[in-house]
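Read the structure below first, then the notes.
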Amino acid sequence: MLLDLTAVQKRFGKVEALRGLTAAIDGRKVGLLGPNGAGKSTLLKVLLGLTPFEGRAEVLGRDPRTHAAEIRDRVGYMPESDSYLSGMNAVELCAYAGELSGLPRAAALERAHAALYHAGLEDKRYMVVEGYSTGMKQRVKLAQALVHAPELLFLDEPTNGLDPAGRDEMLALIDELPTRTGARVLLSTHLLPDVEQVCDQVIVLQHGALLFAGGIAELTGADDGQRYEVRVKEGAARLAARLTAGGLAVETMAAGETLRVRLVSDDTGVILAAAVELGVQLRHLAPLRATLEDAFLRALAGGALAGGALAGGASDTSAERAP
4 MLLDLTAVQK RFGKVEALRG LTAAIDGRKV GLLGPNGAGK STLLKVLLGL
54 TPFEGRAEVL GRDPRTHAAE IRDRVGYMPE SDSYLSGMNA VELCAYAGEL
104 SGLPRAAALE RAHAALYHAG LEDKRYMVVE GYSTGMKQRV KLAQALVHAP
154 ELLFLDEPTN GLDPAGRDEM LALIDELPTR TGARVLLSTH LLPDVEQVCD
204 QVIVLQHGAL LFAGGIAELT GADDGQRYEV RVKEGAARLA ARLTAGGLAV
254 ETMAAGETLR VRLVSDDTGV ILAAAVELGV QLRHLAPLRA TLEDAFLRAL
304 AGGALAGGAL AGGASDTSAE RAP
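Under the working numbering, the first residue of the sequence shown is numbered 4, with each subsequent residue one higher.
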């Protein structure tokens, strides 16, 4: 089991950063998803044994309270903030990280070159790190996390500060890591597209509370084939009223002439028949594929997003930053 949590709580003074998280989750690429300030960074620190907490937690079958050193030996951690020493090139920095993890100097150097290769920095490995671009600094953090050949990687906002091309390159690297290195991945982010592109499992947090833990397919809904998007030239309100009177669930979208209709089966004949009866011209009728954004917003139904809608850019709140 990758993670096993029971009633995990963490407070910083009066701020309840984690609110009784209970979940068991496994997988090769797991997303830890939530708005800024949801508790993601705090949870990673709990799992690494870097901060005390209430409740019970296991990472790869080990308790962070009693086996923190063993967990950190098996887990690579890429923090959100920059973590390099001035004056070092990438090879020196990664080798130093390897030595800190317990590797002998020669083995640490060998592993540093391999990690930089996996992070896509093999041709820049002798450059001083402070001269790197933002994207290269993110990659060297990834290499540091990989240098001791961990079984699991904790990646905290790995695409922060990257332009669209850099984000795509970083996500492609992360997507390939389980195959190339054998390490499983826990990707912590507030960016829905990052999780949707890379992960097969997801943990959703908001205000320190667990909203969902499981497969993305389960979150987005296994019955999406029974939901249809309908666009008409005009008369959407009449068609919606007719379908609703027939016992179907109908949602009118903001554009006004687009409907989302949930059928009891995959038979669209009832929609076609209603359109013909009313003289409404259909322009589009197709199964609606739920996106992760749709599912996330449904999971948040009844609660406001912390820090606004999920998007790029902002840093975590002070509650997550507290030591």
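Ideal placement from N, C-alpha and C gives every residue a C-beta, glycine not left out.
Quick caveat, the model's predicted, so the values are computed rather than measured.
What is the DSSP secondary structure of residue i, reduced to helix, strand or coil?
i	result
Met81	strand
Ala100	helix
Lys140	helix
Gln204	strand
Thr45	helix
Gly211	coil
Lys127	helix
Val94	helix
Ala109	helix
Arg187	strand
Gln284	coil
Leu266	coil
Tyr231	strand
Glu260	coil
Glu254	strand
Pro38	coil
Asp159	strand
Thr182	helix
Met4	coil
Thr223	helix
Gly134	helix
Ala240	helix
Glu154	coil
Arg1	With the chain running from 4 to 326 in the structure shown, residue 1 is simply not present.
Arg170	helix
Gly218	strand
With a CB to CB cut of under 7 Å and the five nearest residues on each side skipped, what residues in its chain are close to residue i?
i	result
Gly305	In this predicted model, Gly305 has a pLDDT of only 46, less than 50, meaning its place in the structure is not dependable; the value taken from the coordinates is given anyway. Here the set comprises nothing.
Val283	Val235, Gly238, Arg241 and Leu242
Pro67	Val49, Leu50, Leu51, Gly52, Ala60 and Ile74
Tyr135	Val143
Asn163	Glu83
Leu106	Arg114 and His151
Gly169	Gly138
Arg183	His121
Buried or exposed for residue i, going by 16 or more other Cβ atoms inside 10 Å?
i	result
His151	buried
Pro55	exposed
Ala239	buried
Val279	exposed
Lys17	exposed
Pro38	buried
Tyr87	buried
Leu124	buried
Pro167	exposed
Ser44	buried
Glu160	buried
Ser191	buried
Leu194	buried
Leu103	exposed
Val267	exposed
Gly259	exposed
Leu349	What is shown of the chain runs 4 to 326, which leaves residue 349 out entirely.
Met173	buried
Report the rounded CA-to-CA distance for residue i versus residue j, giving the unit in angstroms.
i	j	result
Val233	Asp203	29 Å
Leu96	Val253	58 Å
Ser318	Leu158	At Ser318, the pLDDT of 36 sits below 50, so the modelled position is not reliable; the number obtained from the coordinates is stated separately. Approximately 15 Å, taken between the alpha carbons.
Arg108	Val94	12 Å
Pro82	Leu214	24 Å
Asp270	Arg230	11 Å
Asp29	Gly42	20 Å
Glu154	Gly90	30 Å
Gln141	Thr9	33 Å
Considering only residues of the same chain and omitting the five flanking positions on each side of residue i, which have a CB-CB separation below 6 Å?
i	result
Ala100	Gln147 and Val150
Lys32	Val188, Val201, Cys202 and Asp203
Thr261	Arg234
Arg22	Gly211 and Ala212
His287	Arg234
Ala110	none
Give every residue of the same chain whose Cβ lies closer than 8 Å to the Cβ of residue i, excluding the five residues on either side of it in the sequence, and list them in chain order.
i	result
Asn92	Arg128, Tyr129, Met130, Val131 and Val132
Pro181	Arg31, Lys32, Arg187 and Val188
Val198	Gly34, Leu36, Leu190, Thr192, Val205, Ile219 and Leu295
Gly249	Val273 and Ala277
Val207	Leu36, Gly37, Leu213, Leu214, Phe215, Ala216, Leu222, Phe299 and Ala302
Legend entry - Ranges of the alpha helix (DSSP H) found wholly within the stretch 49–79, counting only runs of at least 4: Every alpha helix (DSSP H) of 4 residues or more that sits fully in the stretch 49–79 is shown, in chain order, as 71–77.
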